[in-house]
Amino acid sequence: MPMPQVPFDDRGLAYGDGVFETVLLRDGTPVLWDYHYARLRQGCQRLNIPLPPLEQLAAAWQSPAAAELEVLKLILTRGSGGRGYALPDALSPRLISRRVPFVANAQHWRQGVNVRICQLRLGHQPLLAGIKHLNRLENVLARQEWDDQTIAEGLLADTDGWLVEATSMNVFWQRNGELFTPELTQCGVAGTLRAALLDQGTVRESAIALDALRDVDRLWVANSVQGVWPVNTLLSETGEVLHAWSQADQDTLQVAGHQLLGYSLSSC
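Residue numbers for the sequence shown follow the numbering used here, so the first one is 2 and each next one is one higher.
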């Protein structure tokens, strides 16, 4: 399949002026689509970009599936035009998409992962908090902080030291039998799996400082494509082991998350 061509003056390319969604397809059907669509709609409202008709979005996955599992990426930019940062007189949003076969990392599900704390701190911008806009430079910079393949993710805090997210996943923890995820009112991406877990009451929002992570009973990173990864070891910015967790036989968060995604440990 030829790659879509983006004009030089596309505002998504020039300014990150747009939003995107990364959607798990199972047998050609989008998983958690209602949550992806709701976040896409919210992102368009925040940026004042017209939301494409649902039929136009659905055309991205209506061709025959190439594999049982695929990942679909939808990118919506404001389109071309305008002088500098000023908006064009007539908006013509540009929607491009790509889908590729996908294999989930079941080893991470079963064995857990190591994560590190990132040095980068996320800035506050409530107008952009929660949505998946195209300017992800903070995440790009954070991901450059390590190249150790034994480290699966990096945890990001805001400028006040509160845990927000991982570089490409949301974060969850357990304390005294309850499951929590950070509030995302100032920055961060509100993931669709996170939203579904909140809606069903499996987790609730709370705030936690980075230095309090050593005191939680369990820790996870998760998203709607990769599923739920239990954290084995938490490393500092300099690679020092801050805490290690043993994995429980029954993983309540993973069971709930994987039911929503259609993943099964026994089938992988």
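All residues carry an ideal CB built from backbone N, CA and C; glycine is no exception.
Among all the DSSP beta bridges, which residues are the ones paired with residue i?
i: PRO339; result: Because residue 339 is not part of the residues shown, which for the chain are 2 to 269, the question remains open.
i: GLN175; result: LEU180 and ARG219
i: TRP163; result: ALA210
i: VAL226; result: Answer by DSSP bridge pairing: none, since VAL226 is not bridged.
i: ASP11; result: SER81
i: PRO231; result: TRP221
i: ALA158; result: ARG122 and LEU164
Leaving out five residues on either side along the sequence, give the residues of the same chain with a beta carbon under 8 Å from the beta carbon of residue i.
i: GLU69; result: ARG27 and ASP28
i: VAL256; result: none
i: PRO53; result: LEU77, PRO94 and LEU96
i: GLY124; result: GLU139, ASP159, THR160 and CYS188
i: TRP34; result: VAL24
i: LEU199; result: THR182, ARG205 and GLU206
i: PRO51; result: CYS45, LEU92 and PRO94
Residues in the same chain with beta-carbon distance under 6 Å from residue i, minus the five sequence neighbours each way, listed in chain order, please.
i: TRP174; result: PHE181, VAL217 and LEU220
i: ASP10; result: SER81
Since residue i is in the beta strand (DSSP E), which residue starts that stretch and which ends it?
i: LEU121; result: 114–123
i: LEU96; result: 95–102
i: ALA245; result: 242–245
Cutting at 7 Å between CB atoms, please list the residues of its own chain near residue i, excluding the five before and the five after it.
i: ASP252; result: PRO231
i: LEU14; result: VAL7
i: ALA191; result: ARG40, GLY131 and LEU185
State the start and end residues of the unbroken alpha helix (DSSP H) segment that holds residue i.
i: ASP35; result: 34–48
i: ALA257; result: 253–262
i: GLU22; result: Here GLU22 belongs to no alpha helix (DSSP H); instead the beta strand (DSSP E) covers 19–27.
i: GLU139; result: 138–144
i: LEU199; result: 193–200
i: GLU56; result: 55–59
Is it true that the CB of residue j sits closer than 8 Å to the CB of residue i?
i: LEU75; j: ILE118; result: no
i: SER225; j: LEU25; result: yes
i: LYS133; j: ARG40; result: yes
i: LEU55; j: ILE152; result: no
i: ALA223; j: THR186; result: no
i: GLY83; j: ARG12; result: yes
i: GLY162; j: ALA210; result: yes
Check each candidate in the options and name the one with the smallest Cα separation from residue i.
i: PRO183; options: ALA91, THR193 and GLU166; result: GLU166
i: GLU241; options: ARG215, ALA191 and VAL229; result: ARG215
i: ARG205; options: THR30, GLY162, PRO102 and ALA196; result: ALA196
i: HIS259; options: GLY228, GLU238 and THR239; result: GLY228
i: ASN49; options: TRP62, VAL20 and ALA60; result: VAL20
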